[in-house]
Amino acid sequence: MRKLIVAMLTAALIAPAGAVAKSMKSGSSGSTKGGMSDNLMSEHGTSSAAFWKANTETREKMAARKTSMNAVRKKVESLRRMRPSFSTALTAMRKVDEAIILLKEGKTEQAKKVLTEAEKYVEKYMKENRGMGFVPLNQQIAVVEFRGDIKTVEKIVKKAEELLKEGRVQDAKALLNTLSDEIDVINVYLPLAMYKKVVKDAIKEIDKGKKEEAIKMLMAIRDSIAIQKIVIPIPMVKAQALIEKAKIMSKKERKVAVAYLKEAQKELRLAKALGYAYDFEKTYREMDRELKQLEMAIEGKKETGSLFNSILEKLKLLKEKATKEITSRTE
Numbered sequence: 037m038r039k040l041i042v043a044m045l046t047a048a049l050i051a052p053a054g055a056v057a058k059s060m061k062s063g064s065s066g067s068t069k070g071g072m073s074d075n076l077m078s079e080h081g082t083s084s085a086a087f088w089k090a091n092t093e094t095r096e097k098m099a100a101r102k103t104s105m106n107a108v109r110k111k112v113e114s115l116r117r118m119r120p121s122f123s124t125a126l127t128a129m130r131k132v133d134e135a136i137i138l139l140k141e142g143k144t145e146q147a148k149k150v151l152t153e154a155e156k157y158v159e160k161y162m163k164e165n166r167g168m169g170f171v172p173l174n175q176q177i178a179v180v181e182f183r184g185d186i187k188t189v190e191k192i193v194k195k196a197e198e199l200l201k202e203g204r205v206q207d208a209k210a211l212l213n214t215l216s217d218e219i220d221v222i223n224v225y226l227p228l229a230m231y232k233k234v235v236k237d238a239i240k241e242i243d244k245g246k247k248e249e250a251i252k253m254l255m256a257i258r259d260s261i262a263i264q265k266i267v268i269p270i271p272m273v274k275a276q277a278l279i280e281k282a283k284i285m286s287k288k289e290r291k292v293a294v295a296y297l298k299e300a301q302k303e304l305r306l307a308k309a310l311g312y313a314y315d316f317e318k319t320y321r322e323m324d325r326e327l328k329q330l331e332m333a334i335e336g337k338k339e340t341g342s343l344f345n346s347i348l349e350k351l352k353l354l355k356e357k358a359t360k361e362i363t364s365r366t367e
């Protein structure tokens, strides 16, 4: 995914520059008094001032998009650095797998010994880490990007509603599943109490001579793991990075700061359209209004600190709400 983001960014940066270079080259034989070809100027207005204004705005937008894309990459890298240790759960599962193999080979006493070690291992961990009912077994991080805008979202929702009216539930579901723009962190946990009980029961079955029953119990442990899905909305990650960058640049490069805020506004509107923190309608409206006020304040060289702080605080609230809703769920 990181390579994909870098490739997209490179393409976005190179294409406009290449287009300008090509236009300049093709018009070199008939340059104007200002050193610019008629063909090039006709694409961007009737004056060189209009061209440079359009070109500057393009560069500002590109810089804003680069910042937002980098924010997603950095967030994913940060999550990967925070990845927990899986050693405890992997060791516990390895002992179970070893016992299953030994039981299939008819080595019941050796299997019983391994399971007794597994039980003691988990008991020791639970004593040393009181309150830890689950231990991490695996983690996956996936970036699911939405390639459209608000109008695209509205079209998909409308089409899905039409499909539902026709009774085409699965077709509507497939459409709605495309409305995601998020980083998904999927955590797999081993429930320790369940593990300990199954291992203890399996040992009892071995003592009764019921080897096959013990194997079934141990194999069922893998089906009893807990899965937690944490969703981090990408538009909010981008908006935060853009607003923080705009705050830094608002004193020295006002036009660039305003471009960043406009891009942040688009991201927040997309987040709202996609339903992230859907029940915080009032907060979204307030942020939209404050972003407009902030743009005017920057352009008018007025004080902006309180507005920036207010917007970033509200955004923090939205991110926590959007993430918390799904963090509490297990599958």
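Our numbering applies: residue 37 is where the sequence shown begins, and numbers increase by one. Beta carbons are placed, not taken as given, at the ideal position from N, Cα and C, and that holds for glycine.
Selection from the options that minimises the alpha carbon distance to residue i
| i | options | result |
| --- | --- | --- |
| Thr340 | Lys350, Lys352, Leu327, Leu351 | Leu327 |
| Ile222 | Thr94, Ala99, Val112, Met98 | Val112 |
| Lys247 | Asp324, Ser104, Ala135, Ala99 | Ala135 |
| Tyr312 | Asp237, Arg166, Lys233, Val189 | Val189 |
| Val267 | Lys156, Lys338, Met98, Ala307 | Ala307 |
| Glu96 | Leu348, Gln329, Val292 | Val292 |
| Met118 | Asn174, Arg183, Ile261 | Asn174 |
| Lys338 | Lys288, Asp259, Gln206, Asp243 | Lys288 |
| Val224 | Gln329, Lys265, Met98 | Lys265 |
| Met230 | Ile137, Val171, Ser342 | Val171 |
| Val108 | Lys194, Lys209, Ile263, Asp220 | Asp220 |
| Gly301 | Ile284, Gln329, Tyr314, Asp315 | Contrary to the premise, residue 301 reads as Gln rather than Gly in this sequence. Out of Ile284, Gln329, Tyr314, Asp315, Gln329 has the C-alpha closest to the C-alpha of Gln301. |
Helix, strand or coil at residue i according to DSSP, with G and I counted as helix
| i | result |
| --- | --- |
| Glu289 | coil |
| Asp220 | strand |
| Leu343 | helix |
| Leu310 | coil |
| Asn174 | strand |
| Pro269 | strand |
| Leu226 | strand |
| Ile261 | coil |
Nearest-angstrom beta carbon gap, residue j and residue i [assumed within contact, 8 Å]
| i | j | result |
| --- | --- | --- |
| Glu218 | Ile270 | 6 Å |
| Arg305 | Glu335 | In fact, because the Cβ distance is near 21 Å, the residues do not count as touching under 8 Å. |
| Glu331 | Leu297 | 5 Å |
| Ser123 | Val180 | Ser123 to Val180, Cβ: 29 Å. No contact. |
| Ile186 | Thr214 | About 14 Å separates the two Cβ atoms, so there is no contact after all. |
| Phe182 | Leu310 | 7 Å |
| Ile251 | Lys110 | Rounded, the Cβ-Cβ distance is 47 Å, inconsistent with contact. |
| Lys232 | Val132 | In fact, because the Cβ distance is near 12 Å, the residues do not count as touching under 8 Å. |
Buried versus exposed call for residue i [16 or more other C-beta atoms within 10 Å across all chains shown]
| i | result |
| --- | --- |
| Ser286 | buried |
| Ile239 | buried |
| Met168 | exposed |
| Ile347 | buried |
| Ala282 | buried |
| Ala196 | buried |
Proximity below 7 Å, CB of residue i to CB of residue j
| i | j | result |
| --- | --- | --- |
| Lys355 | Met272 | yes |
| Met162 | Leu228 | yes |
| Thr319 | Lys352 | no |
| Ala100 | Glu299 | yes |
| Ser121 | Lys274 | no |
| Leu254 | Ile177 | no |
| Val235 | Glu155 | yes |
| Ile242 | Lys143 | no |
| Ala210 | Leu199 | no |
| Leu226 | Ala125 | yes |
Near the ligand GDP: residue i beta-carbon under 6 Å from a heavy atom
| i | result |
| --- | --- |
| Leu138 | As presented, the structure is devoid of all ligands, the ligand GDP included, so that no description of it is given. |
Proximity test, Cβ basis, 7 Å: residue i and chain B
| i | result |
| --- | --- |
| Lys308 | This model lacks chain B altogether, as it is built from one protein chain only. |
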